[in-house]
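Peer 1: Right, I'll just put the structure down here and ask away after.
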Amino acid sequence: MKTAPRVISNPAILGGKLVVKGTRISVEFILELMTSGMTVSEIIKEYPQLTAADIKAAFNQDIATAIT
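Heads up: the sequence shown begins at 41 in the numbering used here, then just goes up one per residue.
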């Protein structure tokens, strides 16, 4: 599976789920936060290790996965 440079999958991290590189925050979790109504700014405030680019990469990865 092709992933965005900011998104990785490693069997040693969260059982291989897609995560933001350098964190243990999964793409799935970020999307759940967004679905619950959190804005990008709110997510970054709550999880300062993330950047807007990380959140965009997670969102784009989800779209790419859905298309393939």
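Backbone N, C-alpha and C define an ideal beta-carbon position, used for all residues, glycine too.
Among residues of its own chain, excluding the 5 on either side of ILE95, which ones have a beta-carbon nearer than 7 Å to its beta-carbon?
Peer 2: Reading the sequence shown from its first residue, position 55 is the one you call residue 95. These residues qualify, in order along the chain: ILE70, VAL80, ILE83.
Peer 1: Thinking C-beta only, is GLN101 closer than 7 Å to VAL47?
Peer 2: Sequence index remark: in the sequence shown, residue 47 carries index 7 (1-based). Sequence index remark: in the sequence shown, residue 101 carries index 61 (1-based). A contact, by the Cβ cut-off of 7 Å.
Peer 1: The alpha helix (DSSP H) spanning MET48 covers which residue range?
Peer 2: One-based indexing of the sequence shown puts residue 48 at position 8. Reading the sequence as shown, one finds Ile at residue 48 and not Met. Where ILE48 is concerned, there is no enclosing alpha helix (DSSP H), although the beta strand (DSSP E) it sits in stretches over 47-49.
Peer 1: Here's the rule I'm using: 16 or more other beta-carbon atoms within 10 Å means buried, otherwise exposed. How should ALA92 be labelled?
Peer 2: One-based indexing of the sequence shown puts residue 92 at position 52. Classification for ALA92: exposed.
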